[in-house]
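Take any residue in the sequence shown, count from 1 to its spot, add 4: that is its number in our numbering. We treat Cβ as the ideally placed atom computed from N, Cα and C, and that holds for glycine. In what follows, a structure is listed as structure tokens, so that the remarks can point back to it.
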Amino acid sequence: MVIFGITGDLTARLLFPALYNLAHDHYVGEQIAIAGFALGDLTEQKLRDSLTESLHHQFGQQIDPELVKKLVSRVRFVPSDFESAEGWQKLHDILSDFDRDYKTAGNYLFYLATAPDFFLPVVQRLAHEGLLNAGNGQWRRVIIEKPFGHDLESAHQLSRELLKVARQDQIYLIDHYLGKETVQNIMVFRFANGMFEPIWNRRYVDHVQITVAESLGVEHRGRYYDHTGALRDMIPNHLAQLLALTAMEPPSSFSANALQNEQVKVLESVPPIDPEDCEWCVVRGQYGRGMIDHQPVPGYHEEEYVDPNSQTETYVALKFMVDTWRWAGVPFYLRTGKRLGKRYTEIAIRFRNPPLSLFRRSGATLPQPNHLVHAIQPQENISVEFVGKVPGPVLETRHVNMHFDYSDYFGVANRTGYETLLYDAMIGDASLFKRADMIEAGWAIVQPILNAWGANRGGELHEYPAGSDGPEASDKLLRHDRRSWRAL
Ligand code: BG6
């Protein structure tokens, strides 16, 4: 595995712990070695030391020190910019050493943990160096993580250029939400059970709410975030991914292509939001000062690297329709924001009310809506919310809950979410990766909003206090349809 940008945060926080977990669970064995390529004044030894330290820090007492030593001893480093001929020569030499010492057989996984500006130049250079030409029985793959473009046109342009130098089946585009067990389980839940699919449609479903709430602010990423905003950062990728998995048709098989075809179809069925509607069916907000966990936190304008007059949204709520036979007329409401009251991601399916309120006359409270909720994180569970009878001679009803918690059945594993993705990329299974057309379809659903905002035609930017549920205007969005958000 070759990691471009190995000295960055992604490697220490996620990639290396994932490799450690894979080695620990014997998914990768003796034939793995890691080369890092990055600009910086680190020596190979210092890089190894810092990777060791961060693994110990993350796994604490549970760490297997021998395994860490072994993994880290297989790290080689090219301290170079990505243009230097000398750097690339060194990489070639390291890869030959790996092939000889660890029998890696010329099979290479290239991971671009770099700033997005380097994606294309590095892949072009890989091609130029002959490193994407796999010999007989060998494989060569490239993993790229978001941001993939900053709008529809740039995403399209990037994928066109990449495909000039690499084959589609060599490019693995990561959406790290697909590494989450609870997200993968949406497909199993829907397609490995007979009882949910029959009611998973417009006849029984009133609407769907997808919430990705974060309590963190922009941290040290102000520079990136201030030019990006919540819409670009989250909707075309992570929330579109959750929407696609929720709304897709059963695929003809569990192959990568069949799965991706169905997901692309969903996104392509989302009609473009009319610029006229952007003012009311897309709500944007920005956090001001507030309290999180009883601690005062600064407003967005006071964050590091953020323009004090910034108009960038840190919250967005919107309504999409999915014009398919299955979902016609069923709204999908999406919301995501930073510095909300808590970190919580869920997909809530709200079912229609029963046709008659039979218990109304007997004085029982009106039926509460039925929900089926996939809690994605940090809680990992699935629950069905329905109405039950309160025991006693007087007919009284109450909202109750049927609950499946992952930890009750499967224990709590120390996972980063990257284990499955790295493993799948190594074995050549692209079913949990995105195809470029799916990424473009994600951009296509937000492009009309970007256009409207660019032309100053969106609604105003609402301030919300950090620690709240977001701007009040987002409640209006649902009230307009006589609905309301679920409490966070
Ligand atoms: C990233 C965004 O893609 O996803 C971040 O750039 C966001 O802004 C993060 O915080 C959320 O990921 P998770 O796994 O914490 O929900």
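Beta-ladder partner(s) of residue i, from DSSP
i      : result
Thr401 : Lys393
Gln290 : Glu467
Phe41  : Phe8, Val82
Pro300 : Met295
Ser338 : In the sequence under discussion, the amino acid at residue 338 is Leu, which differs from the Ser named in the question. Partner(s): Ile214, Leu322.
Ser387 : Val377, His407
Arg145 : Leu113
Thr108 : Bridge partners of Thr108: none, in fact.
Ala352 : Gln213, Val377
Leu344 : Ser472
The ligand BG6 heavy atom lying under 8 angstroms from the CB of residue i
i      : result
Tyr319 : no
Asp241 : Looking at the sequence itself, residue 241 is Asn, so the reference to Asp does not match. Yes; taking the cut-off as 8 angstroms, the Cβ of Asn241 has a heavy atom of the ligand BG6 nearer than that.
Gln93  : no
Gly421 : yes
Met442 : no
Thr328 : no
Arg225 : yes
Glu384 : no
Val216 : yes
Lys342 : yes
Phe116 : Contrary to the premise, residue 116 reads as Leu rather than Phe in this sequence. Result no, Cβ not under 8 angstroms from the ligand BG6.
Tyr413 : no
Tyr229 : yes
Met238 : yes
Thr424 : no
Leu220 : yes
Pro304 : Sequence inspection shows Tyr at residue 304; the Pro mentioned does not correspond to that position. Tyr304: no, Cβ never under 8 angstroms from the ligand BG6.
Gln174 : no
Pairwise C-alpha distance: residue j and residue i
i      : j      : result
Asp327 : Leu156 : 21 angstroms
Ile353 : Arg236 : 25 angstroms
Ala131 : Tyr115 : 14 angstroms
Leu95  : Ala39  : 8 angstroms
Leu425 : Pro151 : 17 angstroms
Met430 : Phe437 : 12 angstroms
Leu14  : Ala117 : 7 angstroms
Phe390 : Arg356 : 12 angstroms
Asn460 : Tyr309 : 24 angstroms
Asn241 : Pro397 : 52 angstroms
Ala321 : Ser158 : 24 angstroms
Ala379 : Ser361 : 29 angstroms
Glu133 : Ala448 : 34 angstroms
Leu306 : Ala248 : A quick correction: the sequence has Glu, not Leu, at residue 306. Those two C-alpha atoms are separated by around 36 angstroms.
Gly474 : Tyr337 : 14 angstroms
Phe86  : Gln49  : 21 angstroms
Gly294 : Pro300 : 6 angstroms
Asp101 : Leu166 : 28 angstroms
Leu71  : Arg78  : 11 angstroms
Gly183 : Gly421 : 4 angstroms
Thr215 : Lys107 : 46 angstroms
Leu399 : Pro359 : 20 angstroms
Ala89  : His160 : 30 angstroms
Ala27  : Glu266 : 33 angstroms
message: Suppose only complete runs of 3+ residues qualify. What are the beta strand (DSSP E) ranges in the stretch 412 to 478, listed by chain order?
response: For the stretch 412 to 478, whole beta strand (DSSP E) runs of length 3 or above, ordered along the chain, are 465 to 469.
- prompt: Taking only runs of the alpha helix (DSSP H) that begin and end inside the stretch 215 to 251, which ones reach a length of at least 4 residues, in chain order?
  reply: 226 to 230, 233 to 238, 244 to 251
Contained alpha helix (DSSP H) runs [length at least 4] in the stretch 138 to 190, N- to C-terminal order: 156 to 169
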